[in-house]
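Numbering (this note's numbering), first residue to last: 1 to 152.
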């Protein structure tokens, strides 16, 4: 609203104070909404990163395992050695990273807190990969056996 008083146009003092008061009340509410939305987004992003890391780690292990000839579970299941025609590949977790060690040491996935392997039969292994972010853990469990090399 604009008023004309003695030839000047503008807001009255009451209108100005009222608009500033409403603005000062609504601004913190908007900031709280945006802050909450940002925290939720970061939480979901961290969970997606955790799931992606577990799936990527499992992909690498399964690719080597399915083409391998033999495997060995070491150190109470915390390490897995896969032997194929060309090399021996060792998988283990160090500093929340999964490493693939054959001729060189290569990080495969980050955010991996634990790998656990159990030999179910001479040709079958159960692999559990766990990723922990904050208080939430994501666990991926699979069982696999060697591919029949005669069919390839």
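Each residue gets a CB set at the ideal place from its N, CA and C atoms; glycine is no exception.
DSSP state of residue i mapped onto helix, strand, coil
i, result
"residue 87", "coil"
"residue 82", "strand"
"residue 152", "Because residue 152 carries a pLDDT of 42, less than 50, the predicted location of this residue cannot be relied on, and the following value inherits that uncertainty. Looking at residue 152 - three-state DSSP - the assignment turns out to be coil, as it is neither helix nor strand."
Spatial neighbours of residue i in its chain, beta-carbon cut-off 6 Å, leaving aside the 5 residues before and after
i, result
"residue 97", "107, 110"
"residue 120", "126"
Residue nearest to residue i in terms of C-alpha spacing, selected from the options
i, options, result
"residue 137", "35, 54, 59", "54"
"residue 44", "134, 12, 140, 81", "134"
"residue 77", "66, 65, 91", "91"
"residue 100", "80, 74, 118", "80"
Beta-carbon proximity list for residue i, same chain, < 7 Å, skipping 5 on both sides
i, result
"residue 51", "138"
"residue 68", "82, 83, 84, 146"
Can at least three beta-carbon pairs, one atom from the region 130-139 and one from the region 103-112, be found at a separation below 8 Å? The count of Cβ pairs closer than 8 Å, one atom from the region 130-139 and one from the region 103-112, reaches three, so the stretches are in contact.
Report yes or no: do the region 73-91 and the region 28-36 share at least 3 C-beta pairs separated by less than 8 Å? no
As an exercise, report each continuous beta strand (DSSP E) stretch of at least 3 residues that is fully enclosed by the region 55-143, in chain order. As far as the region 55-143 is concerned, its whole beta strand (DSSP E) runs of at least 3 residues are 70-74, 79-83, 88-94, 97-101, 105-110, 114-121, 124-133.
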